[in-house]
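Trainee: Below: one structure in structure tokens.
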Amino acid sequence: MMISAYRGMFDGCAIALLCLVSLSHSAPLSCEDLVRPLEQLDPRHLEGRRALVAGSLSHLPYMERFKDRDSATVNFVNNTSETNISMSRSLSSHNECHYVSYNISLEGSSFTYEDGNLTTTFIYTSCHDCILMSFDVESGKRQHFYLFSRRRELEQTEMEEFRAQVKCLNMPPPHVMDPTKKLCPEETAGNPAV
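Laid out in structure tokens, this is it:
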């Protein structure tokens, strides 16, 4: 009888512990955790092309222009060193593709452009194939927040996390790109920038 009493207590404690553990895993992250810069940026994780899935801009007139885009991509190529890499972007708007390339210098979880007018920080995301970038424009006068992925559509939980991150930054609700719109072809010598 004593053993069954202990077993009942043990079972009750085990169930209570499991409930607490499951609650701790479902608790939402704080804003501090949601918008923290990546602690360790692996340049090899950056390599390759990703499509823009969603974004938000703090400056409303630019947000309206952003919504006019059909699609956009970013491509990182490590062709020089661990800290100096190439970044190219493509943008499709009104059936026209536009391309631009930059040489960037990685500094921890951030990078600066050649002209130094723009600082970009890689932000934490639980999305395994995503890159989340926060652009600090004109010394903080504007902020752009872009989510890129190797997939055109993300899971609902991944999008909910991004929306929560945007909300933490007090930015307008994100615009989600239409995954059915074509991406610009990759820029090659036979397909020069428009």
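Numbering (mature numbering (1 follows the signal peptide of the UniProt record, and there is no 0)), first residue to last: -26 to -1, 1 to 168.
Virtual Cβ for every residue (Gly too), placed ideally from N, Cα, C.
What you are looking at is a predicted structure, and each value in this text was computed from that prediction instead of being measured.
1. So the beta strand (DSSP E) residue 118 belongs to, where does it begin and stop?
2. Nearest-angstrom Cα distance between residue 73 and residue 3?
3. Compute the beta-carbon to beta-carbon distance between residue 62 and residue 45, rounded to the nearest angstrom, for a pair I have assumed lies under 8 Å.
4. Would you list the residues sitting across from residue 17 in a DSSP beta bridge?
5. Quick check on DSSP: helix, strand or coil for residue 36?
6. Any C-beta of chain C sitting closer than 8 Å to the C-beta of residue 87?
7. Secondary structure at residue 126, three-state DSSP: helix, strand or coil?
8. Helix, strand or coil: how does DSSP classify residue 137 here?
9. Which of helix, strand or coil does DSSP assign to residue 170?
10. Give me the Cβ distance between residue 95 and residue 11, rounded to the nearest whole Å; I'm assuming they're in contact under 8 Å.
11. Please classify residue 113 as buried or exposed, where buried requires at least 16 neighbouring CB atoms within 10 angstroms.
12. For the region 23 to 87, which segments carrying the alpha helix (DSSP H) assignment without a break, of at least 4 residues, lie completely within its bounds, in sequence order?
13. Closest to residue 9 by C-alpha separation, out of 150, 158, 121 and 33, would be which residue?
14. Looking at residue 32 and residue 151, is the spacing between their C-beta atoms short of 8 Å?
15. Measuring only the C-alpha atoms, how far is residue 157 from residue 28?
16. When we look at the beta-carbon of residue 24 and count the other beta-carbons within 10 Å, is it buried (16 or more) or exposed?
17. Looking at the structure shown, is residue 104 part of a helix, part of a strand, or coil, going by DSSP?
18. Where residue 86 and residue 92 are concerned, what is the direct C-alpha to C-alpha distance, given to the nearest angstrom?
Mentor: Taking the geometry as given:
1. 116 to 123
2. 36 Å
3. Residue 62 to residue 45, Cβ: 15 Å. No contact.
4. In the DSSP output, where bridge partners are listed per residue, residue 17 has none listed.
5. helix
6. Of the protein chains in this structure there is only one, and it is not chain C.
7. coil
8. helix
9. In the structure as shown, the chain begins at -26 and stops at 168. Residue 170 is therefore absent and cannot be evaluated.
10. 5 Å
11. exposed
12. 34 to 41
13. 121
14. no
15. 14 Å
16. buried
17. strand
18. 6 Å
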